[in-house]
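Numbering (my numbering), first residue to last: -6 to 206.
Step one of this worksheet: look at the structure below.
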Ligand SMILES: [Zn+2]
């Protein structure tokens, strides 16, 4: 589901498998809870996968947790310093303002996380460096890469780089994106800020911002 904030759209995803539902990201304040309350049955929701810690991805956690206090929340452990406010992101002076207690999160490489990933039919794809622990999720059955902020798209659906002001290391982020699109060249790409892109590798290679790199 996409919330259009006019400055940019923000998506969160629901993956359904055998009647169970799994959320990917929470959007900003209240968004994930809105989706659960309006479109799902809250006891169907069995896990929350997070891409990384920016506020437009984790900002909906507090309201979602009021509704689902025991929901497993999974994230790459390379995001732990930022989600807990221990460290600022690269190129930032201060840690993020909304911080969380690390004991509430499960690292994606743990046994518990592997079980939830299996139930959801998702494969985590480590994809720095929009942020150091940025993670995409691949849904093999539908052949869709839920790509978060690996890339964005314009209103016309053209691929664009992730937002510069919020990207830790742009050359590395673009290298990761290009490498991944080679691996997933036949896959539909679904980004957080924008829409879905088919033939994303070809799309990326013909864009000026990539050629100029
Ligand atoms: Zn974002």
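A virtual CB, placed ideally from N, CA and C, is assigned to each residue, including glycine.
Rounded straight-line distance, which links the Cα of residue j to that of residue i
i: residue 100; j: residue 69; result: 5 Å
i: residue 78; j: residue 91; result: 8 Å
i: residue 19; j: residue 165; result: 26 Å
i: residue 54; j: residue 169; result: 27 Å
i: residue 25; j: residue 135; result: 22 Å
i: residue 16; j: residue 137; result: 15 Å
i: residue 119; j: residue 34; result: 30 Å
i: residue 44; j: residue 128; result: 5 Å
Check whether residue i and residue j have beta carbons under 7 Å apart
i: residue 141; j: residue 185; result: yes
i: residue 61; j: residue 38; result: yes
i: residue 193; j: residue 167; result: no
i: residue -3; j: residue 21; result: no
i: residue 198; j: residue 190; result: no
i: residue 178; j: residue 139; result: no
Helix, strand or coil at residue i [DSSP, three-state]
i: residue 17; result: strand
i: residue 117; result: strand
i: residue 98; result: strand
i: residue 180; result: coil
Strand pairing of residue i, partner residues [DSSP]
i: residue 42; result: 17, 67
i: residue 10; result: 13
Exercise for the section: May I ask you to verify whether the region 111 to 131 touches the region 38 to 48, counting CB pairs closer than 8 Å and requiring at least 3? Expected result: yes
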